[in-house]
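Structure first, commentary second.
Numbering (the UniProt record's numbering), first residue to last: 1 to 108.
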């Protein structure tokens, strides 16, 4: 019988997939990745058109899995994409679908 994916790796990948299981979070990740700079919550709110509290909740989930990083700026917080983590996501999808990881490394 073939071996299963290691449990710890499966749990990490599952947390990533859960974080992206909402279309607004996918939009936020894509928006931050495309703009490639730290952004205030207000900028993100303006882009997605939702209430600040809703956007903040989505950002909290994305920061927990480290797709998004937080930079304190005075009393404010700016959010930016975590290129290292997002770079690993295609590998996670490849592995789960039974394909070899395109760039295996332990950075994620």
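We treat Cβ as the ideally placed atom computed from N, Cα and C, and that holds for glycine.
Note that the coordinates shown come from a computational prediction; the quantities given were computed from them, not determined experimentally.
For the candidate residues the options, whose alpha-carbon lies nearest to that of residue i?
{"i": "residue 23", "options": "38, 50 and 40", "result": "50"}
{"i": "residue 45", "options": "83, 4, 11 and 78", "result": "78"}
{"i": "residue 19", "options": "74, 63 and 99", "result": "63"}
{"i": "residue 71", "options": "30, 37 and 52", "result": "37"}
{"i": "residue 80", "options": "88, 31, 52 and 53", "result": "31"}
What span of residues does the beta strand (DSSP E) with residue i cover, start to end?
{"i": "residue 65", "result": "Residue 65 -> no beta strand (DSSP E), and no H or E assigned at all."}
{"i": "residue 76", "result": "76-81"}
Do residue j and residue i count as a contact pair if the criterion is CB distance below 8 Å?
{"i": "residue 58", "j": "residue 25", "result": "yes"}
{"i": "residue 68", "j": "residue 16", "result": "no"}
Excluding the five sequence neighbours on either side, which residues of its own chain have a C-beta within less than 7 Å of the C-beta of residue i, listed in chain order?
{"i": "residue 1", "result": "Only weak support is given to the placement of residue 1: the predicted model assigns it a pLDDT of 44, under 50, and the value that follows is read from those uncertain coordinates. Answer for residue 1: no residue qualifies."}
{"i": "residue 55", "result": "41, 44, 45 and 48"}
{"i": "residue 53", "result": "none"}
Go to residue i, then tell me how far its alpha helix (DSSP H) extends in each direction, as first and last residue.
{"i": "residue 33", "result": "23-35"}
{"i": "residue 18", "result": "7-19"}
{"i": "residue 47", "result": "41-48"}
To the nearest angstrom, how far is the alpha carbon of residue i from that of residue j?
{"i": "residue 85", "j": "residue 75", "result": "26 Å"}
{"i": "residue 12", "j": "residue 33", "result": "21 Å"}
{"i": "residue 4", "j": "residue 93", "result": "15 Å"}
{"i": "residue 73", "j": "residue 39", "result": "10 Å"}
{"i": "residue 27", "j": "residue 99", "result": "26 Å"}
{"i": "residue 83", "j": "residue 61", "result": "17 Å"}
{"i": "residue 14", "j": "residue 88", "result": "13 Å"}
{"i": "residue 104", "j": "residue 10", "result": "Residue confidence for residue 104 is low, a pLDDT of 47 falling below 50, so the modelled location carries little weight; the figure read from the coordinates is stated next. About 15 Å."}
{"i": "residue 35", "j": "residue 21", "result": "22 Å"}
Grab me the residues of residue i's own chain with a C-beta within less than 6 Å of its C-beta, minus the 5 sequence neighbours each way, in chain order.
{"i": "residue 29", "result": "67"}
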